[in-house]
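*Asks:* Numbering (the numbering used here), first residue to last: 28 to 111. The C-beta atom is built at its ideal place from N, Cα and C for all residues, glycine as well.
(1) Determine the extent of the beta strand (DSSP E) in which residue 71 is found, giving its start and end residues.
(2) May I ask which residues mark the beginning and end of the alpha helix (DSSP H) holding residue 83?
(3) Across which residues does DSSP place residue 37 in a beta bridge pair?
(4) Taking the alpha-carbon positions, what's the residue 86 to residue 37 distance?
(5) What is the DSSP secondary structure of residue 44, counted as helix, strand or coil?
(6) Within a Cβ cutoff of 7 Å, which residues of the same chain sit near residue 39, ignoring the five residues on either side of it in sequence?
(7) Please report the straight-line C-alpha distance between residue 91 and residue 47, rounded to a whole angstrom.
(8) Could you compute how far the alpha carbon of residue 69 sits from the alpha carbon of residue 31?
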């Protein structure tokens with residue numbers, strides 16, 4: 028019997044969604060990276076929708092979830108990394 032896919036909560040909209048529907052961000056050696064599941068460190072999940080990204084940036088939700096500041100440059104780098 029198959030196990031159901033785990034749910035994770037988006038730090039932007041706070042909706043619980045299947046893990047595969049979200050991007051995972053991890054804090055690795057002081058740098059925020061878009062991480063696969065196997066990256067060790069604090070992590071947070073964010074929807075793939077632009078509105079959630081904007082809301083999370085405005086509320087500084089990713090900063091709180093990761094326990095480290097996320098600069099505007101980091102946000103731009105993360106967006107570019109996801110879009111390519």
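*Replies:* From the atom records:
(1) Run containing residue 71: 70–74, per the beta strand (DSSP E) assignment.
(2) 77–86 is the span of the alpha helix (DSSP H), which, as asked, contains residue 83.
(3) Under DSSP, residue 37 takes part in a beta bridge, and its partners are 72.
(4) Taking the straight line joining both Cα atoms gives about 13 Å.
(5) The three-state secondary structure of residue 44, taken from DSSP, is strand.
(6) 73, 74, 79, 80, 82, 83, 88.
(7) Residue 91 and residue 47 have their C-alpha atoms roughly 22 Å apart.
(8) Cα to Cα, the separation comes out at about 24 Å.
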